[in-house]
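Trainee: Protein chains in written order, with my numbering: chain G, 16 to 161; chain Y, 16 to 161.
By construction, the Cβ of each residue, glycine as well, lies at the ideal position given by its N, Cα and C atoms.
I have a structure I would like to understand better, so I am pasting it below and will then ask my questions one at a time.
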DNA sequence: ATCGATGCAAACCTTTTGCATGCAG
DNA sequence: CTGCATGCAAAAGGTTTGCATCGAT
């Protein structure tokens, strides 16, 4: 079994939240597509295809819960939806968003440590997490312009 | 008169948008509170206090317009609202968001250049803009915990 | 058996839109 | 004058909530 799945189950149980079928199914989707982010509607569609009929309200309630528990990260890309993705400490990544084709490219951030350290010292602010989005033109779109 | 105000007027006129009283008043609010961000409702309240009765729909339409024209930046802090702030090239700043008291601290980013350069090379992605949010505990809240 | 979790539908709330009127160019 | 911009109210659309029922512990 997935180590992360066990970890998340423990987080729920430790805080006296019940391990319902619905919660397990939602987590399984995120764990299958590790780096991907979903909004409530997208999750609902994926679960329907798996013949898991979970009400939208339940999905919303649990996305919010998982976010509060630190299991999921809440993202937004300035459209109408809230997106969520796994909050895995071992795989911190961010997004390059193409302003031409809306493609989203994930990248890892190892080089950010020093930058954060300086900020913490300067503002007396203890950084726990960050969300970084770079907007620009992706390789493909730049190529098509030529 | 404010140099930026003239610049924004020129952007509108050059693209054949009309210089209405409402547009000028909205821009004036942003130019008065240079570093601050507002959502539509907050702007409406500020304008009401100035006895400028501008319809909410007009505010929404113009925030969107100014965003498309590059005059305003669109932000979000994972609540229900969209926020906007001046997009001044000379004063690029970002946000430290306290996860305890929701206080938002602005900081400038001069040290980000190298980081971006590396990303561009690695992914063939031409970066035009970025939005960076650091979540953590601010000085005040850290102090109160002790 | 208890009480938190779910499902459904209705309510909510921010944002968008249609349409008649107003005003910048 | 002409047609874009505004204001109002209504609609849209994502998210939240109330309540009866279900099911994890």
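Could you pull out every residue in the same chain whose Cβ sits closer than 8 angstroms to the Cβ of residue 106/G, ignoring the five residues on either side in sequence?
Mentor: Once the five neighbours on either side are set aside, the close Cβ partners of residue 106/G are 49, 50 and 123.
Trainee: By the criterion of Cβ-Cβ separation under 7 angstroms, what are the contact partners of residue 153/G in chain Y?
Mentor: Within 7 angstroms Cβ-Cβ: 140.
Trainee: At a Cβ threshold of 9 angstroms, is residue 19/Y touching chain G?
Mentor: Answer no: the Cβ-Cβ gap between residue 19/Y and chain G never drops below 9 angstroms.
Trainee: In angstroms, rounded to a whole number, what distance separates the CA positions of residue 34/Y and residue 22/Y?
Mentor: Residue 34/Y and residue 22/Y: Cα-Cα distance of roughly 13 angstroms.
Trainee: Can you tell me whether residue 77/G is buried or exposed, with buried defined as 16 or more other CB within 10 angstroms of its CB?
Mentor: By the 10 Å Cβ count, residue 77/G comes out buried.
Trainee: Determine, using beta carbons only, whether residue 115/Y and residue 97/G come nearer to each other than 9 angstroms.
Mentor: Against a cut-off of 9 angstroms, the Cβ pair of residue 97/G and residue 115/Y comes out as no contact.
Trainee: Which residues does DSSP pair with residue 99/G in a beta bridge?
Mentor: Per DSSP, 53/G and 89/G.
Trainee: With a CB to CB cut of under 6 angstroms and the five nearest residues on each side skipped, what residues in its chain are close to residue 61/G?
Mentor: Closer than 6 angstroms at the Cβ level, and outside the excluded window around residue 61/G, lie 44.
Trainee: Rounded to the nearest angstrom, what separates residue 160/Y and residue 136/Y at their Cα positions?
Mentor: Note that residue 160/Y scores 45 on pLDDT, short of 50, meaning its location in the model is unreliable; the coordinates nonetheless yield the value given after this. Going from the Cα of residue 160/Y to the Cα of residue 136/Y covers about 43 angstroms.
Trainee: Which residues of chain G have a Cβ atom closer than 9 angstroms to the Cβ of residue 52/Y, listed in chain order?
Mentor: Residues of chain G passing the Cβ test: none, with the nearest at roughly 14 angstroms.
Trainee: For residue 123/G, which beta-bridge partners are listed by DSSP?
Mentor: Answer is 108/G.
Trainee: According to DSSP, what are the bridge partners of residue 141/Y?
Mentor: Note: residue 141/Y sits in a beta bridge opposite 152/G.
Trainee: So, is residue 72/Y buried or exposed, given that buried needs 16 or more other C-beta atoms within 10 angstroms?
Mentor: Its Cβ having fewer than 16 others within 10 Å, residue 72/Y is exposed.
Trainee: Does residue 75/G come within less than 9 angstroms of chain Y when only Cβ atoms are used?
Mentor: No, its Cβ sits nowhere closer than 9 angstroms to a Cβ of chain Y.
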